[in-house]
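Taken in order, these protein sequences are the chains called A and B. In terms of our numbering, the first sequence opens at residue 1 and continues consecutively. In terms of our numbering, the second sequence opens at residue 133 and continues consecutively. For glycine and all other residues, C-beta sits at the position ideal for the given N, C-alpha and C.
There are 2 protein chains.
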Amino acid sequence: MKLITRDTDYAIRILCFMVEEPNKIFTTKDLVKKLNIPYPFLRKILQILHKNNILEAFKGKRGGFLLKKSIDEIYLLDLMNIFQGKFSLSQCLFKKKPCPRIDSCKLRKKLKKMEGYLLSELKRISLGSLLK
Amino acid sequence: MKLITRDTDYAIRILCFMVEEPNKIFTTKDLVKKLNIPYPFLRKILQILHKNNILEAFKGKRGGFLLKKSIDEIYLLDLMNIFQGKFSLSQCLFKKKPCPRIDSCKLRKKLKKMEGYLLSELKRISLGSLLK
DNA sequence: CAAAATGATACTTTTATAGTATCATTCATA
DNA sequence: TATGAATGATACTATAAAAGTATCATTTTG
């Protein structure tokens, strides 16, 4: 099972790399060289990070991306929410027509508990904490 | 994110239903009527449960499936392992060529911790406990 | 104005999940 | 002992999600 998808993982690497020179404007090409992520995919990820206010973007010649937030303020859960949608473990698999026991479903309750734990952990993991 | 896939979920329902008449031999058709699972898919799931020693199978006319284990001895994690493969959260996404920091990867360590928690919870959830 | 960058967005490929189909085998029983 | 009703084995197809690609438009610098 994958908790983290590839784009989230790439985003982590990108940001952790960029923080090494926090005031540098990186172009997509710069990052391709260093991070081994295919150019168009990397571009997509950078665009998304920009839309979500994590990177600042400069268009045109000499443009590129600049880290906008402190790496200590970016949490794993944020990135997961951006790239993977709202984190949830406990949705009923039968969304359209959930099983008749949905309200009393014990399984759901236990999943909810695990979800709560994971959320609290993921909330605490800043990218900064991955570097120390 | 899905912790539990559809076949695992179906398996839970099947077993929880069968335990209501623990000595009855159920045919696939019996179960289709009650559980709203498409016949060929249900059949596949029953065959897998049989192969994994959770159901006893009787071939031929008047055949069918009989619960072989006590429902208190069947754990959610067992079913997940059967239908979804070994549970793991912390595998590196880059299996073929894992990232150079694989040994020192902090993220991996944190995932490992969460995995440990989930495993311990999943180990404790017997199907019986879902019915009480 | 041209070159070099991102913006927006649509498309394709790959993988995993979900579901289907079918022939072989077994067994009870008429 | 032949038949019908069940599972065994297994291969196939369809759908959805993840991963990756392509391309034209827009902006900016020199």
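Answer with yes or no whether the minimum CB distance from residue i to chain A is below 8 Å.
i	result
TYR171 (chain B)	no
TYR207 (chain B)	no
LYS165 (chain B)	no
PHE149 (chain B)	no
GLU253 (chain B)	yes
LEU225 (chain B)	yes
ARG138 (chain B)	yes
ILE214 (chain B)	no
ILE180 (chain B)	no
LEU243 (chain B)	yes
LEU198 (chain B)	no
Can you say whether residue i is buried or exposed, counting buried as having 16 or more other CB atoms within 10 angstroms of its CB?
i	result
LEU263 (chain B)	exposed
ARG62 (chain A)	exposed
LYS34 (chain A)	exposed
LYS244 (chain B)	exposed
Would you mind working out which of the options sits nearest residue i, comparing C-alpha positions?
i	options	result
LEU209 (chain B)	B:LEU250, B:LYS244 and B:LEU198	B:LEU250
GLY260 (chain B)	B:ILE136, B:MET133 and B:ILE146	B:ILE146
LYS123 (chain A)	A:CYS92, A:LYS110 and A:ASP72	A:ASP72
LYS69 (chain A)	A:ASN52, A:ILE125, A:GLY85 and A:GLY60	A:ASN52
GLY248 (chain B)	B:ARG138, B:ILE144, B:GLN223 and B:LYS227	B:GLN223
Spatial neighbours of residue i within its chain, please: CB distance less than 6 Å, with the 5 preceding and 5 following residues excluded, ordered by chain position.
i	result
PHE87 (chain A)	MET80
TYR10 (chain A)	ILE37 and ILE45
Who are the near neighbours of residue i in its chain, counting only those whose CB is closer than 8 Å to its CB and skipping five residues on each side?
i	result
TYR171 (chain B)	THR160, LYS161 and VAL164
CYS148 (chain B)	ILE203, LEU259, LEU262 and LEU263
ILE25 (chain A)	PHE58, ARG62, GLY63, GLY64, PHE65 and LEU66
LEU42 (chain A)	TYR10, ILE14, THR28, LEU31, VAL32 and LEU35
Within 8 Å of any Cβ in chain B, is that where the Cβ of residue i sits?
i	result
SER126 (chain A)	no
SER88 (chain A)	yes
LYS44 (chain A)	no
LEU130 (chain A)	yes
To which residues of the same chain is residue i closer than 7 Å at the C-beta, ignoring the five residues directly before and after it?
i	result
VAL19 (chain A)	LEU67 and ILE71
ILE74 (chain A)	LEU15, ILE54, SER126 and LEU127
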